[in-house]
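A quick write-up on the structure given underneath.
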Amino acid sequence: MVSERLIDTELSIGGGLTARVFALLAAIDREGSIVRAAKATGLSYKGAWQIIDRVNQLSPRPLIESVVGGGHTKGTRLTATGLALLAAFQHLQREKDVFLEKVNEEFSHDPTILAWFRRLFMKSSARNQWLGEIVGINIGAVTSEVIIHVAAGATLVAHVAHETAKTMELSFGKEVLALVKASMIILVTDVEGYRLSPQNQLSGKVVNIKQGLVTADVTLELDGGVRVVASITFESAETLGLQVGMPATAIFEAASVMLGARKD
Numbered sequence: 011m012v013s014e015r016l017i018d019t020e021l022s023i024g025g026g027l028t029a030r031v032f033a034l035l036a037a038i039d040r041e042g043s044i045v046r047a048a049k050a051t052g053l054s055y056k057g058a059w060q061i062i063d064r065v066n067q068l069s070p071r072p073l074i075e076s077v078v079g080g081g082h083t084k085g086t087r088l089t090a091t092g093l094a095l096l097a098a099f100q101h102l103q104r105e106k107d108v109f110l111e112k113v114n115e116e117f118s119h120d121p122t123i124l125a126w127f128r129r130l131f132m133k134s135s136a137r138n139q140w141l142g143e144i145v146g147i148n149i150g151a152v153t154s155e156v157i158i159h160v161a162a163g164a165t166l167v168a169h170v171a172h173e174t175a176k177t178m179e180l181s182f183g184k185e186v187l188a189l190v191k192a193s194m195i196i197l198v199t200d201v202e203g204y205r206l207s208p209q210n211q212l213s214g215k216v217v218n219i220k221q222g223l224v225t226a227d228v229t230l231e232l233d234g235g236v237r238v239v240a241s242i243t244f245e246s247a248e249t250l251g252l253q254v255g256m257p258a259t260a261i262f263e264a265a266s267v268m269l270g271a272r273k274d
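So the mapping is simple: my numbering equals the position in the sequence shown, first residue as 1, plus 10.
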């Protein structure tokens with residue numbers, strides 16, 4: 011058995027029914043309540059209902075139904091259709107895991123394939139990947155603050171442990187790859203008159219909004235052509251009133267920036 015999966019994938023059924031959707035259905039089946047199921051899966055009540063509404067639109071029959079207990083208390087449970095769909099997904103998930111375990115085990119014994127996939131995995135580990143040049147390093151008590159120029163008007167700050175900076179041989183002028191997960195980025199649309207604590211604040215215009223079942227992927231384009239992808243909830247997108255063409259700012263902590271550097 012390999013300790014690290016070189017190949018992995020998220021199972022999705024039909025029109026975007028992902029693991030998070032089925033985690034919510036499983037929680038409803040377990041908890042007997044949408045409120046408790048939402049809490050158990052890290053969703054708001056509104057967010058849980060948005061997922062259920064979208065799933066019901068894709069299903070020929072309702073997936074949940076209301077029930078009344080002995081004390082006249084109302085609850086929620088999965089219908090026969092909902093239970094069948096959940097069971098089918100769980101079966102497919104188990105089969106997928108067995109298949110991936112076998113494939114990863116086979117590839118782990120081929121040094122050429124192993125090296126290639128590890129390199130590819132590093133490049134694909136985050137939605138935001140920017141190639142830049144180190145233009146400054148400030149050494150602090152615990153970490154080093156690395157300043158990276160990625161495009162005209164776009165500079166990032168990353169916090170790196172001293173030992174890591176030494177191991178990576180980070181220095182002025184070195185080319186590095188900065189990676190930030192889309193889920194670590196917060197979008198704001200009006201920062202006039204405010205000072206925000208995160209050191210990374212990249213302003214641009216919304217060029218694409220991709221709606222999923224659970225979240226919306228929003229792409230900003232900066233003046234220098236660099237693109238930033240943020241994964242936010244539907245509630246946040248609605249609150250901000252995001253539309254293509256409107257200005258917005260992506261903010262994220264320096265600790266959220268992961269660096270990659272070639273070996274000299």
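C-beta atoms are modelled at their ideal positions from N, C-alpha and C, and glycine is treated no differently.
Since the model is a prediction, treat every value here as computed from it, not as a measurement.
Review point. Span of the beta strand (DSSP E) holding Gly47?
Key: For the purposes of this step, residue 47 is identified with residue 37 of the sequence shown, where counting begins at 1. The displayed chain sequence assigns Ala, not Gly, to residue 47. Run containing Ala47: none in the beta strand (DSSP E); it sits in the alpha helix (DSSP H), Ile44 to Ala50.
Exercise for review: Could you spell out the range, first to last residue, of the alpha helix (DSSP H) harbouring Ile61?
Suggested key: As a position in the sequence shown, residue 61 is number 51, starting the count at 1. Unbroken alpha helix (DSSP H) run through Ile61: Tyr55 to Leu68.
Practice item. Rank Ser246, Ser181, Leu212 and Ser241 by C-alpha distance to the C-alpha of Leu269 and give the top, closest one. Key: In the sequence shown, the residue the question calls residue 269 occupies position 259. The option with the nearest alpha carbon to Leu269 is Ser181.
Check your understanding: Are there three or more Cβ pairs, one per stretch, closer than 8 Å when the region 110 to 122 is compared with the region 136 to 149?
Key -> With a cut-off of 8 Å, the region 136 to 149 and the region 110 to 122 do not count as touching, because too few Cβ pairs lie within range.
Point to revise | Residues sharing a beta bridge with Ala36, DSSP | key: Indexing the sequence shown from 1 puts residue 36 at position 26. In the DSSP assignment, Ala36 forms no beta bridge with any residue.
Check your understanding: What does a CB cutoff of less than 7 Å around Leu206 pick up in its chain, not counting 5 residues either side in sequence?
Key -> Counting from one through the sequence shown, the residue named residue 206 turns up at place 196. Contacts found: Ile261.
Practice item. Counting only runs of 4+ residues fully inside the region 138 to 215, write out the alpha helix (DSSP H) ranges in chain order. Key: Counting only runs that start and end inside the region 138 to 215, the alpha helix (DSSP H) elements of at least 4 residues fall at 172 to 177.
Review point. Excluding five sequence neighbours on each side, which residues of the same chain lie with their C-beta closer than 7 Å to the C-beta of Gly276?
Key: Residue 276 falls outside the range modelled here, since the chain spans only 11 to 274, and no answer is possible.
Point to revise | Cutoff 6 Å; reference Val254; Cβ partners in own chain excluding five residues on either side | key: Indexing the sequence shown from 1 puts residue 254 at position 244. For Val254, where only same-chain residues beyond five positions count, the Cβ hits under 6 Å are Val216.
Review point. Using 8 Å as the Cβ pair cut-off and three pairs as the minimum, do the region 237 to 255 and the region 150 to 157 touch?
Key: Flag = no, the region 237 to 255 and the region 150 to 157 do not touch.
Review point. Does DSSP classify Ile123 as helix, strand or coil?
Key: Position 113 of the sequence shown holds residue 123. Helix, per DSSP.
Check your understanding: Do you know whose CA, among His169, Ala240 and Lys176, lies nearest Val198's CA?
Key -> As a working note, residue 198 is residue 188 in the sequence shown. Taking Val198 as reference, the option from His169, Ala240 and Lys176 with the minimal CA-CA separation is Ala240.
Check your understanding: Does the beta-carbon distance from Val167 to Ala258 come in below 9 Å?
Key -> Residue numbering aside, residue 167 sits at position 157 when the sequence shown is read from its first letter. Residue numbering aside, residue 258 sits at position 248 when the sequence shown is read from its first letter. Contact: no.
Review point. Closest by CA to Ala164, which one among Gln211, Ile17, Gly57 and Ile147?
Key: Position 154 of the sequence shown, counting from 1, holds the residue named residue 164. The residue with the shortest Cα to Cα distance from Ala164 is Gln211.
Point to revise | Strand pairing of Phe262, partner residues [DSSP] | key: The residue labelled residue 262 in the question sits at position 252 within the sequence shown. Paired residues: Asn210.
Check your understanding: Exposed or buried, which one is Asn138 when buried takes at least 16 other CB atoms within 10 Å?
Key -> Working through the sequence shown from its first residue, we reach residue 138 at position 128. Counting Cβ neighbours within 10 Å, Asn138 comes out buried, since at least 16 surround it.
Practice item. Step through the CB atoms of chain B and report whether any lies within less than 9 Å of the CB of Ala240. Key: Checking the listed chains, one finds no chain B in this structure; it contains a single protein chain.
Check your understanding: Based on Cα-Cα distance, which residue from Lys220, Glu111, Pro208 and Ile23 lies nearest to Gln100?
Key -> Here residue 100 corresponds to residue number 90 of the sequence shown, with the count starting at 1. Taking the Cα of Gln100 as reference, the smallest distance to any Cα among Lys220, Glu111, Pro208 and Ile23 is reached at Ile23.
Point to revise | Whole-number beta carbon distance between Leu73 and Leu35, since they are thought to touch under 8 Å | key: For the purposes of this step, residue 35 is identified with residue 25 of the sequence shown, where counting begins at 1. For the purposes of this step, residue 73 is identified with residue 63 of the sequence shown, where counting begins at 1. Sure, about 7 Å apart at Cβ, within 8 Å.
Check your understanding: Any idea which residues DSSP pairs Arg237 with across the strands?
Key -> Here residue 237 refers to the residue found at position 227 of the sequence shown. According to DSSP, Arg237 bridges with Glu231.
Review point. Got a sec? Which residues, its chain only, sit under 8 Å from Lys106 by beta carbon, not counting five neighbours each side?
Key: In the sequence shown, the residue the question calls residue 106 occupies position 96. Within its own chain, the residues whose Cβ lies closer than 8 Å to the Cβ of Lys106, once the five positions on either side in sequence are excluded, are Thr19 and Leu21, listed in chain order.
Exercise for review: For Thr177, count neighbouring Cβ atoms within 10 angstroms of its own Cβ and tell me buried if that reaches 16, exposed if not.
Suggested key: Mapped onto the sequence shown, residue 177 falls at position 167. That one is exposed.
**Study point:** Best match in Asp227, Val113, Asn218 and Tyr55 for proximity to Ala192 [C-alpha to C-alpha]
**Key:** For the purposes of this step, residue 192 is taken as residue 182 along the sequence shown, with counting starting at 1. Distance from the Cα of Ala192 is smallest, within the candidate group Asp227, Val113, Asn218 and Tyr55, for Asp227.
Review point. Under a three-way DSSP split, which group does Gly222 fall into?
Key: Translated into positions along the sequence shown, residue 222 becomes position 212. Here Gly222 sits in coil by DSSP.
Review point. Relative to the C-alpha of Glu179, which residue among Val160, Ile147 and Arg30 is closest?
Key: Your numbering for residue 179 matches position 169 in the sequence shown. With respect to the C-alpha of Glu179, the residue from Val160, Ile147 and Arg30 having the closest C-alpha is Ile147.
**Study point:** Cβ-Cβ distance between Arg237 and Thr243 below 9 Å
**Key:** Counted from its first residue, the sequence shown places residue 237 at position 227. Counted from its first residue, the sequence shown places residue 243 at position 233. Not in contact: Arg237 and Thr243 (Cβ atoms no closer than 9 Å).
Point to revise | Beta-carbon gap between Ala188 and Val170 smaller than 9 Å | key: Position 178 of the sequence shown, counting from 1, holds the residue named residue 188. Position 160 of the sequence shown, counting from 1, holds the residue named residue 170. It is not a contact, given that the beta carbons lie outside the stated cut-off.
Review point. Is the beta carbon of Arg64 sitting closer than 9 Å to the one on Leu223?
Key: As a working note, residue 64 is residue 54 in the sequence shown. As a working note, residue 223 is residue 213 in the sequence shown. Yes, the Cβ-Cβ distance between Arg64 and Leu223 is below 9 Å.
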